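Per the working numbering: the sequence shown = residues 841 to 1236. Backbone N, C-alpha and C define an ideal beta-carbon position, used for all residues, glycine too. This one's a predicted model, so the numbers in the text were calculated from it and none came from an experiment.
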Amino acid sequence: MYKAFLIKYGEIGIKGKNRHLFEDALVHQIKYALKPVEGEFLISKEQGRIYIEALGEYDYDETMEHLQCVFGIVGICPVVLKEEEGFEQLAEDVIEYLRQRYPERNMTFKVDTRRAKKSYPMTSMEVSAALGGRILEAFPEMKVDVHHPELRIHVEIRKKINIYSEIVPGPGGMPVGTNGKGMLLLSGGIDSPVAGYMIAKRGVKIDAVYFHAPPYTSERAKQKVVDLAGIVAKYSGPIYLKVVNFTDIQMYIYEKCPHEELTIIMRRYMMRIAEHFARETNSLGLITGESIGQVASQTMQSLAATNEVCELPVYRPLIGFDKQEIIALSEKIGTYETSILPYEDCCTIFVAKHPVTKPNLKIIRRSETHLEENIGEMVKTAIDTAETIIVDGRID
């Protein structure tokens, strides 16, 4: 029965004079999300609402699935739109809506009316009361409960009458692209895909860099990361994934530096390379999945040591989360099952048995001087030979 959806947004509504920019970005994201869906849609804006109207046959479930991945949407309401032709016609339309939508009507209800069209001759409270009476006449089995109704019937009086009773939650957040661009350091683990999701939810367009170490890491490990990027891209839009061959750099560090410092020094070179790609793409910062104290390389001292090599800011959206909270989020967004596949990435393979947890920056810098002979050329080669994979992520 539904040929239209009413889209509700949250934070965008308080953006003042800039609100239209955020609305336009949300409309753009909705259009992008619905491109793979069979059918044609008209998307329009009106008084703090966005409408999606199907111009022919379409798949309801597929449409809903795609819309639930669009950041900026807080509610998706399958809505019946009717021309405004007076209260009598409105009452008939609401009764017909209930007859079709709820064959079993032994339930309590409340009518919520919102009168955006102020020229309408009845107030919102008058419309709700009168509609409640008509519904009770048509369906005596229904009962009014204004405090805890089983069914809440929404009527919005606008250019057209909006009738709906279901609000499907959207992901919330801000439309992607309204808050600049960031470069995500993406691994095959649980944390970094969640960090990418969370930063994209705040309106940041993300690209990503992955450090691959063949033959120590397999093509299956690389594909795992591509798959994770694809899941995140369902929400964030297309991700340009840079795949950097890090083997020579890792082996060189392994040969030249104290083993307890391996993780920190490797991480510092990853940050340097990621920052290079961030600047190439006009990204405003780096994004990582680090959480304070989760592993040796994520103590406050270790994070300070990796930050030191970056001029761009480093954003860590999971910084105060514990592991179980991160796992719960990964399950919610669909990355967990892929993240736990047993294909090792370059970080886990070169972990020292007893890594330093409180690195001294002076000592780390001194250890890095042992790399000066060849590390510059190795970094340049890694950058020049990086593979770019465009990960679309739209639901097939």
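Short of 6 angstroms from the beta carbon of Y1004, and not among the five residues preceding or following it, lie these beta carbons of its own chain, in chain order: C917, V919 and H994.
For E863, no beta strand (DSSP E) encloses it; the enclosing alpha helix (DSSP H) starts and ends at R859 to L874. The beta carbon of K855 sits closer than 6 angstroms to those of F862, all from its chain and outside the five residues before and after it, given in chain order. By the Cβ-count criterion, N1002 is buried, with 16 or more other Cβ atoms from all chains shown falling within 10 Å of its own Cβ. For K1198, the number of other beta carbons within 10 angstroms of its own is below 16, and it is reported as exposed. C-alpha of D1047 to C-alpha of I870: approximately 20 angstroms in a straight line. In the DSSP annotation of this structure, the continuous segment of the beta strand (DSSP E) that includes M1023 starts and ends at K1021 to L1025.
The alpha carbon of E893 has as its nearest neighbour, out of P1055, A865, I847 and D864, the alpha carbon of I847. An exposed status is given to I1230, since fewer than 16 other beta-carbon atoms sit within 10 Å of its beta-carbon.
Taking the Cα positions, L1143 is about 19 angstroms away from V1034. In this structure, the CA atom of I1007 is about 20 angstroms from the CA atom of E936. For the options Q929, K857, V1084 and Y898, the alpha carbon positioned closest to that of L874 is the one of Y898. Taking all protein chains shown into account, R1156 has 16 or more neighbouring C-beta atoms within 10 Å of its C-beta and is therefore buried. Burial is judged here by how many other beta carbons sit within 10 angstroms of a residue's own beta carbon; S1131 has at least 16 and is buried. Counted as a single uninterrupted DSSP element, the stretch harbouring S964 is not any beta strand (DSSP E) but the alpha helix (DSSP H) occupying residues S964 to A978.
Only residues of its own chain outside the window of five on either side were considered, and among them Y1092 have a CB closer than 8 angstroms to the CB of N1214, listed in chain order. Classified as exposed, V986 has fewer than 16 neighbouring CB atoms from the shown chains inside 10 Å of its CB. In terms of Cβ geometry, S964 and R955 form a close pair [threshold 7 angstroms]. Under the three-state reduction of DSSP output, P1009 falls in the strand class.
The beta carbons of Y1183 and A1069 sit no closer together than 7 angstroms. Judged by DSSP secondary structure, E936 falls within the alpha helix (DSSP H) whose first and last residues are F927 to R941. If you ignore the 5 residues before and after N1019, its C-beta comes within less than 7 angstroms of the C-beta of R1042, G1043 and V1044, all in its own chain and listed in chain order. Residue environment analysis places T1057 among the buried positions, since at least 16 neighbouring C-beta atoms fall within 10 angstroms of its C-beta.
Excluding five sequence positions before and after T1128, the CB atoms of its chain that fall closer than 6 angstroms to its own CB belong to L1025 and R1156, given in chain order.
Taking P1195 as the centre and dropping the five residues before and after it, the same chain places the C-beta of E1100, T1103 and A1136 closer than 6 angstroms to its C-beta, in chain order.
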